[in-house]
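If you're matching positions, the sequence shown starts at 495 in the numbering used here and goes up one per residue.
Contents: one structure, followed by commentary.
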Amino acid sequence: MSLIDDLSALDLAALVASRVCHDIISPVGAITNGLEVLDEEGNEDMRDFAMDLIRKSARQASAKLQFARLAFGAAGSAGSEIDLGDARNVAEGFLENEKADIAWDVPRLLMAKNKVKLLLNLILIANQCVPRGGTITVGMEGDAEAPVFMLRATGGYAKVPAVVAEILAGGEPERIDAHSVQSAYTLLLARDSGMDLEVVKQEDTVLITAR
(Lines of atoms letter the chains of each structure in order from A and count residues from 1; the text may use other names and numbers.)
(Lines give C-alpha, C1' and ligand atoms only; values in the text may rest on other atoms or scores of the structure.)
Protein backbone atom coordinates (compact mmCIF):
# COMPACT_ATOMS: atom_id res chain seq x y z
CA MET A 1 0.00 0.00 0.00
CA SER A 2 1.36 3.45 -0.91
CA LEU A 3 1.90 6.31 1.51
CA ILE A 4 -1.12 8.13 0.07
CA ASP A 5 -3.36 5.07 0.28
CA ASP A 6 -2.16 4.50 3.84
CA LEU A 7 -3.32 7.96 5.00
CA SER A 8 -6.08 7.59 7.57
CA ALA A 9 -9.21 9.72 7.27
CA LEU A 10 -8.14 11.58 10.41
CA ASP A 11 -4.65 12.32 9.07
CA LEU A 12 -6.02 13.48 5.72
CA ALA A 13 -8.55 15.76 7.43
CA ALA A 14 -5.86 17.20 9.70
CA LEU A 15 -3.46 17.88 6.84
CA VAL A 16 -6.13 19.49 4.65
CA ALA A 17 -7.24 21.65 7.59
CA SER A 18 -3.62 22.69 8.11
CA ARG A 19 -3.34 23.62 4.42
CA VAL A 20 -6.49 25.76 4.57
CA CYS A 21 -5.31 27.50 7.74
CA HIS A 22 -1.94 28.20 6.12
CA ASP A 23 -3.68 29.87 3.17
CA ILE A 24 -5.71 32.26 5.30
CA ILE A 25 -3.14 33.12 7.97
CA SER A 26 -1.61 35.88 5.85
CA PRO A 27 -4.77 37.92 5.11
CA VAL A 28 -6.11 37.44 8.64
CA GLY A 29 -2.76 38.55 10.06
CA ALA A 30 -2.88 41.63 7.83
CA ILE A 31 -6.34 42.47 9.19
CA THR A 32 -4.92 42.26 12.72
CA ASN A 33 -2.03 44.53 11.76
CA GLY A 34 -4.42 47.05 10.26
CA LEU A 35 -6.53 47.11 13.40
CA GLU A 36 -3.41 47.68 15.50
CA VAL A 37 -2.48 50.66 13.33
CA LEU A 38 -5.98 52.09 13.83
CA ASP A 39 -5.59 51.72 17.59
CA GLU A 40 -2.16 53.36 17.74
CA GLU A 41 -1.94 55.95 14.98
CA GLY A 42 -3.46 59.41 15.07
CA ASN A 43 -2.23 60.22 11.55
CA GLU A 44 -5.12 60.42 9.08
CA ASP A 45 -3.03 59.07 6.19
CA MET A 46 -2.06 56.04 8.26
CA ARG A 47 -5.70 55.47 9.18
CA ASP A 48 -6.63 55.48 5.50
CA PHE A 49 -3.80 53.04 4.78
CA ALA A 50 -4.95 50.77 7.60
CA MET A 51 -8.56 50.78 6.40
CA ASP A 52 -7.46 49.94 2.84
CA LEU A 53 -5.34 47.08 4.20
CA ILE A 54 -8.23 45.74 6.28
CA ARG A 55 -10.70 45.89 3.37
CA LYS A 56 -8.31 44.21 0.93
CA SER A 57 -7.27 41.51 3.40
CA ALA A 58 -10.89 40.79 4.38
CA ARG A 59 -11.76 40.28 0.71
CA GLN A 60 -8.77 37.96 0.28
CA ALA A 61 -9.66 35.89 3.34
CA SER A 62 -13.29 35.62 2.23
CA ALA A 63 -12.30 34.53 -1.30
CA LYS A 64 -9.88 31.90 0.02
CA LEU A 65 -12.46 30.50 2.45
CA GLN A 66 -15.19 30.37 -0.19
CA PHE A 67 -12.82 28.54 -2.52
CA ALA A 68 -11.75 26.09 0.20
CA ARG A 69 -15.38 25.42 1.09
CA LEU A 70 -16.04 24.15 -2.42
CA ALA A 71 -12.63 22.60 -3.17
CA PHE A 72 -12.15 20.72 0.10
CA GLY A 73 -15.48 20.66 1.91
CA ALA A 74 -18.98 19.38 1.37
CA ALA A 75 -19.95 22.81 0.00
CA GLY A 76 -23.07 22.90 2.15
CA SER A 77 -24.86 20.83 -0.47
CA ALA A 78 -27.41 18.25 0.54
CA GLY A 79 -27.15 16.59 -2.89
CA SER A 80 -24.28 15.08 -4.78
CA GLU A 81 -23.96 17.75 -7.49
CA ILE A 82 -22.47 21.25 -7.66
CA ASP A 83 -23.19 24.01 -10.16
CA LEU A 84 -20.09 24.71 -12.28
CA GLY A 85 -21.16 28.36 -12.26
CA ASP A 86 -20.47 28.40 -8.51
CA ALA A 87 -17.09 26.79 -9.16
CA ARG A 88 -16.27 29.54 -11.66
CA ASN A 89 -17.22 32.26 -9.18
CA VAL A 90 -15.00 30.96 -6.40
CA ALA A 91 -12.11 30.24 -8.78
CA GLU A 92 -12.20 33.77 -10.19
CA GLY A 93 -12.47 35.24 -6.69
CA PHE A 94 -9.52 33.20 -5.48
CA LEU A 95 -7.29 34.11 -8.42
CA GLU A 96 -8.04 37.82 -8.08
CA ASN A 97 -5.55 37.72 -5.21
CA GLU A 98 -2.96 35.61 -7.05
CA LYS A 99 -0.41 36.50 -9.74
CA ALA A 100 -2.11 34.46 -12.47
CA ASP A 101 -5.23 35.41 -14.42
CA ILE A 102 -7.94 32.91 -15.29
CA ALA A 103 -9.76 32.32 -18.57
CA TRP A 104 -12.82 30.13 -17.97
CA ASP A 105 -14.21 28.14 -20.91
CA VAL A 106 -16.41 25.59 -19.17
CA PRO A 107 -20.20 25.36 -19.68
CA ARG A 108 -22.50 25.92 -16.74
CA LEU A 109 -23.65 22.44 -15.74
CA LEU A 110 -24.56 20.49 -12.64
CA MET A 111 -21.81 17.95 -12.04
CA ALA A 112 -20.95 15.31 -9.46
CA LYS A 113 -19.47 16.96 -6.38
CA ASN A 114 -16.09 15.23 -6.44
CA LYS A 115 -15.55 15.99 -10.13
CA VAL A 116 -16.09 19.70 -9.43
CA LYS A 117 -13.77 19.50 -6.43
CA LEU A 118 -11.22 17.83 -8.69
CA LEU A 119 -11.46 20.69 -11.20
CA LEU A 120 -10.94 23.29 -8.47
CA ASN A 121 -7.95 21.42 -7.09
CA LEU A 122 -6.46 21.21 -10.59
CA ILE A 123 -6.75 25.02 -10.73
CA LEU A 124 -4.73 25.20 -7.51
CA ILE A 125 -2.08 23.00 -9.07
CA ALA A 126 -2.07 25.07 -12.27
CA ASN A 127 -1.53 28.17 -10.12
CA GLN A 128 1.53 26.54 -8.54
CA CYS A 129 2.92 25.97 -12.04
CA VAL A 130 3.11 29.71 -12.81
CA PRO A 131 4.66 31.10 -9.59
CA ARG A 132 5.52 34.45 -11.21
CA GLY A 133 2.17 34.91 -12.90
CA GLY A 134 0.60 34.10 -16.22
CA THR A 135 -2.72 32.84 -17.50
CA ILE A 136 -4.63 29.72 -16.49
CA THR A 137 -7.06 28.63 -19.19
CA VAL A 138 -9.70 26.18 -17.97
CA GLY A 139 -11.58 24.13 -20.56
CA MET A 140 -13.76 21.04 -20.72
CA GLU A 141 -14.86 18.52 -23.31
CA GLY A 142 -17.56 15.90 -22.96
CA ASP A 143 -20.57 16.19 -20.68
CA ALA A 144 -21.31 16.22 -16.98
CA GLU A 145 -21.23 12.43 -16.79
CA ALA A 146 -17.92 11.95 -18.59
CA PRO A 147 -15.99 15.25 -18.61
CA VAL A 148 -12.46 15.82 -19.79
CA PHE A 149 -10.85 18.75 -17.96
CA MET A 150 -8.05 20.59 -19.77
CA LEU A 151 -6.05 23.28 -18.03
CA ARG A 152 -3.28 25.32 -19.62
CA ALA A 153 -1.00 27.32 -17.32
CA THR A 154 1.15 29.72 -19.34
CA GLY A 155 3.82 32.02 -17.94
CA GLY A 156 7.42 33.05 -18.41
CA TYR A 157 8.62 30.82 -15.56
CA ALA A 158 6.17 27.94 -15.94
CA LYS A 159 7.27 24.75 -14.21
CA VAL A 160 5.83 21.69 -12.50
CA PRO A 161 6.91 21.44 -8.84
CA ALA A 162 8.73 18.14 -8.37
CA VAL A 163 6.49 16.85 -5.59
CA VAL A 164 3.35 17.69 -7.61
CA ALA A 165 4.65 15.81 -10.66
CA GLU A 166 5.64 12.82 -8.54
CA ILE A 167 2.33 12.52 -6.69
CA LEU A 168 0.05 13.08 -9.69
CA ALA A 169 2.02 10.50 -11.67
CA GLY A 170 1.26 7.95 -8.96
CA GLY A 171 4.76 8.01 -7.51
CA GLU A 172 5.72 7.53 -3.89
CA PRO A 173 6.74 10.77 -2.14
CA GLU A 174 9.01 10.64 0.88
CA ARG A 175 6.20 11.99 3.06
CA ILE A 176 2.85 13.73 2.93
CA ASP A 177 2.71 17.04 4.77
CA ALA A 178 0.59 20.19 4.74
CA HIS A 179 2.38 21.40 1.59
CA SER A 180 2.01 18.21 -0.46
CA VAL A 181 -1.38 17.06 0.83
CA GLN A 182 -3.26 19.12 -1.76
CA SER A 183 -1.64 17.15 -4.59
CA ALA A 184 -2.41 13.89 -2.78
CA TYR A 185 -6.01 15.01 -2.25
CA THR A 186 -6.27 15.82 -5.97
CA LEU A 187 -5.06 12.33 -6.86
CA LEU A 188 -7.62 10.78 -4.49
CA LEU A 189 -10.41 12.87 -6.06
CA ALA A 190 -9.34 11.74 -9.53
CA ARG A 191 -9.39 8.10 -8.45
CA ASP A 192 -12.82 8.52 -6.87
CA SER A 193 -14.08 10.10 -10.11
CA GLY A 194 -12.58 7.34 -12.27
CA MET A 195 -10.32 9.83 -14.05
CA ASP A 196 -6.65 9.71 -15.01
CA LEU A 197 -4.35 12.70 -14.62
CA GLU A 198 -1.61 13.88 -16.95
CA VAL A 199 0.75 16.82 -16.46
CA VAL A 200 3.01 17.86 -19.34
CA LYS A 201 5.52 20.73 -19.49
CA GLN A 202 5.93 22.38 -22.92
CA GLU A 203 8.27 25.40 -23.02
CA ASP A 204 6.39 28.19 -21.18
CA THR A 205 3.21 26.13 -20.70
CA VAL A 206 2.06 23.36 -18.38
CA LEU A 207 -0.82 21.25 -19.67
CA ILE A 208 -2.95 19.45 -17.08
CA THR A 209 -5.54 16.94 -18.23
CA ALA A 210 -8.05 14.82 -16.33
CA ARG A 211 -10.01 12.31 -18.37
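For glycine and all other residues, C-beta sits at the position ideal for the given N, C-alpha and C.
Just so it is clear, the structure is predicted and the values come from calculations on it, not from any experiment.
Buried or exposed for Gly649, please, with buried defined as at least 16 other CB atoms from any protein chain shown within 10 angstroms of its CB.
-> Under this definition Gly649 is a buried residue.
Starting from the Cα of Arg685, find the closest Cα among Asn608, Ala565, Pro641 and give me that residue.
-> Check the Cα spacing between Arg685 and each of Asn608, Ala565, Pro641: the tightest is with Asn608.
Residue range of the unbroken alpha helix (DSSP H) whose run includes Val600 = Element bounds for Val600: n/a, residue is neither H nor E.
Is it right to say Ala678 is buried, meaning 16 or more other beta carbons lie within 10 angstroms of its own, or is it exposed?
-> Buried, since its Cβ has 16 or more Cβ neighbours within 10 Å.
Secondary structure at Leu497, three-state DSSP: helix, strand or coil?
-> Leu497 falls in the coil class under three-state DSSP.
Which two residues bound the contiguous alpha helix (DSSP H) that contains Ile617?
-> Run containing Ile617: 607-622, per the alpha helix (DSSP H) assignment.
Contact under 8 Å by Cβ, Lys593 with Cys623 | For Lys593 and Cys623, no; Cβs fall outside 8 Å.
Extent of the continuous beta strand (DSSP E) run through Asp734 = Outside the displayed range of the chain (495 to 705) lies residue 734, so it cannot be described from this structure.
When DSSP builds the beta bridges, which residues end up paired with Val694?
-> Beta-bridge pairing links Val694 to Leu701.
Could you tell me which of Leu618, Arg553, Asp546 sits nearest to Ala581, measuring between CA atoms?
-> With distances taken between Cα atoms, Ala581 lies closest to Leu618.
Can you check DSSP and say which residues form a bridge with Met540?
-> According to DSSP, which records beta bridges pairwise, Met540 is partnered with nothing at all.
Excluding sequence positions up to five away, which residues of its chain have a Cβ less than 6 Å from the Cβ of Gly528?
-> Excluding residues within five positions, the ones whose Cβ falls inside 6 Å are Ala544, Leu547, Ile548.
Given Gly579, which residues of its chain have a CB within under 6 Å of its CB, disregarding the five upstream and five downstream residues?
-> Excluding sequence neighbours, Gly579 sits near Arg602.
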